[in-house]
Structure formats: C-alpha cells, structure tokens
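Notes follow the structure.
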Amino acid sequence: MVGFGFIEEWVPAPGRLTSWTATPQSLDAARRAPIHPIPPSHQQEQYLRVLHRDAEAGFGGSRLCMISFTIPGSPDHAAWTSAFTAFLRRHDTFRSWFSVADDGNVQRHVMSPSDIDFKPTEHGDLADSAAIRAHVEMQTPSALWWDCFSFGVIQHADSFTVYAGVDHLHTDGVAQALTCVDLLLLYGNELSGGKLEPQPVDGHLTYCERERFGSAELTAQSPHIRTWLDLLRRNDGDVPHFPAELSDGTERGAQRTVHLIDEADALRFEEICQANGGRFTGGLFAAAALVEAEMSGGDWYFGLTPVNTRSTAGETSSIGWYTSLIPVEFEVDRAGTFATIVSRAQEAYDRGKELTDVSLHRALELAPPELGIRTKLGWTARMLSYVDVRKIPGVEMFDQINGGMYASRGRSRDVYIWINRFNDVTQLSLLFPDTPAAHAAIDRYIAATRTVFAAVVTDGDYAPRVDALS
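Mapping the sequence shown onto UniProt numbering, position 200 (from 1) lands on 200, and the numbers just tick up by one.
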C-alpha cells in the first residue's frame, strides 16, 4: 500500500544520509531576482500573508509536503545532483519567491532557471527514523524563503531511499505523486545518457496569470461570487467550522489516522451510493452530513473540499499548487436517511465544481461590508478532502518502491479531514487542535463516522438518531 499520512508516520530505515540544498551562488541569485508582474495565485497569496503574520508573532506555520521511495542498489550521487537540479529548473514554480510587506502586499520575484543549483552534503549514518525526520523538517526553510525545498538520499545495505521535501507553496497532492515519477525519470535519464528525457510541461506562472485574469473580471454581482457570498451569509457570515468546541487554535496540531472500511466494503458502499443516485464521493459527503447533523442538530450541511485546477494538457504533469476550494452544501431533513440524501449530496458536489475557477479568497475580497461577512485574514475552515489513491499517476509503481506521500501537521485552528481510498482499505485521517476538548470531539466524530459506514455497508442505509436531531 502507498504510504500516506503525516511526516510522523514516515518510518525510513536508518542509513547514511546525503542531502541536497541550494548553493550560496543560487541563494544570492534568488535574493537579487527582480520583481515579476504576475502575482501569486489567490491561495498562495493568502498562505503567504498568514505565514508572514504568524512569523511576526513568533509562530511557525509552513506546511511541508514530502515524498519518498526506495529502490534497490547503490545511489549514483552525481546523477542525483543532476536529477534534482533538472527537476527544479524544469518546473517554473521553483524559480519564484515572494516578498511580503507589513501591509500584506505580496510581490513575486523570479530568477533564471540557470541560476538554480543544488549541492550534496554528507551527514554520516543516522541511526533512527526520528533523526531523519527531524533533519528533513529542520533543513527545509519556510515558504517565506526561496529555497523552501530540499532533497536527500539515505543509503542502506542493498538499497537506498530518496526523499523530496517541498513547501505546500509549490506543491499539492497530485504534484507530490508527479514529483516521484519525475525524479525517477530524470535519474534514469542521467544514468542512460539522456535516453529518457521527459516531455515539456506548462508552468505554474501561466496558471497564476490565467487565474488572476479571470478573477479581475469578477464583481460582487457576478453569479458565482454571489453564490459564495450567499452561502457565507446563510452560515452566519462565515466559512464552515467543525460542529464542536475545539480550542483557541494556538496549539500544535494533533492527528489521527484510522481504518474506515476495507475494499470489499468500499465496493459495497459504492454500489449503494449508485443505487440511490450518487457516487462514492456523494456518499462520503452524505455520511459526513449525517454525522455532523447528529453532533450539532443542524439541518443544513455546508462544507469545503479541495479540487484539482489543472486544465491544460501541459499542466497535467506540472508541479505547483493547483488546487481550489469548492463548496458542498445541501439540506439534511430530519426524516432523511443516507439513502434519501446521497443523491442530493452528489448533486451538491457536482454543482460545487462549477466554482472551481472562482476562488473563495476572491469572493471574500469582493464582499460588500453591508453583507455582514465576518471571515478575516488567516481564516481556517473545516475541510473534507477525498483522495482516490488508486487513481494517482504511477500508483502501481509506488507499491513496488515503497512510495509514500506525507505532510507536516503544524498548528491547527479547525479540523481537516481526509478520506483516502487505497487498493485494499479506505482510511480516515484528521488534523485538529491538540487540546482535551478537541480530542474528545474527534473521538465522537470517528465513532459516529464508522457507525454510518458500517450501517450502510451492512443494512444498505443509515437513519440518524432521532434524539440527536430534536
């Protein structure tokens, strides 16, 4: 099974560690890089503003994403030096860094790809996984610096593990998988003398320009902006939050990953969804809505979920942060059951995808004061993400090379929920504030979610407890 989770769940075997970081000449070239007129994406801009604010307050908030894989034999360090450098030069997101002013203004700086150069450093034998994990996290700067990415090779007796740590500013879930495939191809190209050269890709810079061009045409009266604002108004002027008391959100995040259902039950769950007018995705949101209705007594589900925004053939293999949040909202009537609302949930998800290219961040910028929207800079929201890991490019290869995709947990002010479907099991992962209140709420949420899935798989339906909705 593909490794998938938080960095604490990455357990590399001990070995001799070599890491790759930017040369002093590259760092100097980045500092001198001129301002570029294309702004960051809306999502990148908000991320950087929050990082800047938190750094000023003494908090760290960067989100490190990491991939790793293990292959037999001994590593060719010179070939890896060339492969890592080629990877960074190939994807233009890595040429950019961003300066953030105290007033929140974010400016892009772009360096020449030829100025990107990474060098290896030997660290000797590291005796345990914890030491390796700590090294990766400590050596990779935050997104407020250009070089917020690093690479490494851990040499074992008869194999070696490769890792790449990249700040979320430059990557997403799809890009993590693409990074693994790209690095293997580029390494193979070096070993073969140039016989495996990868195809060109479109750049993230062009994506940002396209997004900004489209959002500049929007106003508070644009239909899709009105949809966002109407949803926020109905939700008391704010983004959706977890339906239980958590904390003030200043604590380091805690995480839980649990078994939800095996693949046989996932197929049964999918059949029931389809028989009632939905798909697997709609079933996930129907289950989430029933759980939250029981926890809060509410009769309306409003959630956010990330979607892939790659839209050109050249972006299919491009590294960068190509995601956007879309709304999923529908009624949860008190007499409803899973079977009666799954089609409604599916329609809500499909309807939400119409807002893929209309950023919630842009809607908040355009919100007139009289609407009473109270979401502020640095907002966090309850998010539910579904990843069908079986469909990730190159996933068959991941099983053969012990491939894994991980992320740092950092701080958490709300609850982030991931449902990941593998070939043999579907898992539920949650990131939440590390407080007694949050742990108790998450225990209830996990138990309720498992109850819903078990009932649907066993009985073909689930009816929420009447007392919870009264």
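Think of the CB as a built atom: it goes at the ideal place given N, C-alpha and C, for glycine as much as any other residue.
Note that the structure is predicted; figures quoted are calculated from it, not measured.
State the Cα-Cα distance for the pair residue i and residue j, rounded to the nearest angstrom.
i	j	result
Gln44	Asp230	25 Å
Val110	Cys208	14 Å
Arg465	Pro40	46 Å
Ser159	Asp117	26 Å
Ile417	Phe87	31 Å
Leu327	Ile419	It is Pro, not Leu, that sits at residue 327 in the sequence shown. The alpha-carbon atoms of Pro327 and Ile419 are separated by roughly 17 Å.
Ser324	Arg362	11 Å
Gly193	Trp80	13 Å
Glu315	Gln199	11 Å
Glu263	Leu246	32 Å
Thr171	Ala335	43 Å
Val2	Met138	25 Å
Gly460	Ala275	10 Å
My assumption, with CB atoms under 8 Å, is that residue i sits in contact with residue j. Please give the rounded CB distance.
i	j	result
Leu290	Tyr462	6 Å
Ile319	Ala164	The pair is not a contact, with the Cβ atoms about 10 Å apart (cut-off 8 Å).
Leu428	Ile442	Not quite, the Cβ-Cβ distance comes to about 10 Å (not below 8 Å), so this is no contact.
Pro240	Leu304	6 Å
Ala367	Ala216	Between Ala216 and Ala367 the Cβ distance is about 17 Å, and since that is not below 8 Å, they are no contact.
Val201	Arg90	7 Å
Leu17	Thr140	That pair is no contact at about 14 Å.
Ala348	Phe285	7 Å
Looking at the secondary structure, which residues open and close the alpha helix (DSSP H) in which residue i lies?
i	result
Glu211	His204 to Ala216
Gly253	Gly253 -> not in any alpha helix (DSSP H); beta strand (DSSP E) instead, spanning Gly253 to Asp262.
Asp158	Counting along the chain, Asp158 falls outside any alpha helix (DSSP H), and DSSP gives it neither H nor E.
Gly173	Gly173 to Leu191
Val223	In the sequence on display, residue 223 carries Pro and not Val. Run containing Pro223: Pro223 to Arg234, per the alpha helix (DSSP H) assignment.
Val50	His42 to Glu56
Leu284	Phe280 to Ser296
Arg90	His77 to Arg90
Glu137	Ser129 to Gln139
Tyr349	Phe338 to Gly352
Relative to the C-alpha of residue i, which candidate in the options has its C-alpha closest?
i	options	result
Asp236	Glu211, Met66, Gly203 and Trp300	Trp300
Ser99	Arg31, Ala79, Ile67 and Arg63	Arg31
Arg310	Pro240, Phe269 and Leu178	Leu178
Pro72	Gly314, Gln400 and His52	Gln400
Gln107	Phe4, Ile392 and Pro34	Pro34
Gly5	Leu267, Arg256, Ala437 and Asn308	Arg256
Pro433	Phe453, Arg133, Asp414 and Thr281	Asp414
His168	Gly410, Ala454 and Ala448	Gly410
Glu329	Leu191, Gly253 and Gly298	Gly298
What are the boundary residues of the beta strand (DSSP E) that includes residue i?
i	result
Tyr462	Tyr462 -> no beta strand (DSSP E), and no H or E assigned at all.
Gly404	Gly404 to Ala407
Ile71	Leu64 to Pro72
Asp399	Asp399 -> not in any beta strand (DSSP E); alpha helix (DSSP H) instead, spanning Val395 to Gln400.
Ser99	Ser96 to Val100
Cβ contact check for the stretch 9 to 21 and the stretch 148 to 161: 3 or more pairs under 8 Å:
yes
Specify whether the stretch 423 to 434 and the stretch 198 to 215 touch according to this definition: at least 3 beta carbon pairs, one from each stretch, less than 8 Å apart.
no
Would you check if the stretch 140 to 152 and the stretch 20 to 28 touch, i.e. whether three or more CB-CB distances between them fall below 8 Å?
yes
Does the stretch 391 to 411 touch the stretch 179 to 198, meaning 3 or more C-beta pairs lie closer than 8 Å?
yes
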